[in-house]
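Residue numbers (my numbering): 122 to 311.
Dropping the structure here:
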């Protein structure tokens, strides 16, 4: 499936910078990703013929992904859509490329990913439920325009689900609290 070759990160603009981490706001297992650029054309007559010129353009980003209302990031995403709040969104091609970072004027080449970034405002959201899954389909309008660039190499836990964080075995009564709060589960692994 081609959607597996892309990563979508969507961070509500009201999330503080220190909490805005790609691993927390990646839209995982996207089944469909779309980025449409549409020209709004203006018609004019020249003799007996129609001529067209571009009047304006608009961009739409659409993402379909499995939805779990128990995940905080999915709840944040739905709340952002429900209340029409802005988001920052990145469409990142998972293929690793080598690029020169022009913002630092350094000739050093870096590994990363081709990416498209945009500020977006939610247009619609649809919850699709069938006998096997729940999927959220979200559509966003791009504010003004999107921009292309490069994103530094993504962590392996985003690129490869097989190396994503996993829960460690605990003995009965060993720990208390939620997964996010248990030091044993959140200790760095070697």
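We put the beta carbon where it would ideally sit given N, CA and C, even for glycine.
Note the first and the last residue of the continuous alpha helix (DSSP H) segment covering residue 204.
Residue 204 -> no alpha helix (DSSP H), and no H or E assigned at all.
So for residue 196, helix, strand or coil by DSSP?
If DSSP states are grouped into helix, strand and coil, residue 196 belongs with the helices.
Measure how close the beta-carbons of residue 180 and residue 263 come, nearest whole angstrom, since I'm counting them as under 8 Å.
About 4 Å separates the two Cβ atoms, so the contact holds.
Beta-carbon proximity check, residue 312 vs residue 274, cutoff 8 Å
In the structure as shown, the chain starts at 122 and stops at 311, and residue 312 therefore has no counterpart that could be examined.
Taking the DSSP output, what are the residues bridged to residue 266?
Answer is none; residue 266 lacks a bridge partner.
From the DSSP output, which residues share a beta bridge with residue 175?
Per DSSP, 162.
Is the beta carbon of residue 185 less than 8 Å from the beta carbon of residue 258?
Result yes, Cβ atoms of residue 185 and residue 258 sit closer than 8 Å.
Can you tell me the Cα-Cα spacing of residue 126 and residue 234, whole angstroms?
When rounded, the distance between both Cα atoms is 11 Å.
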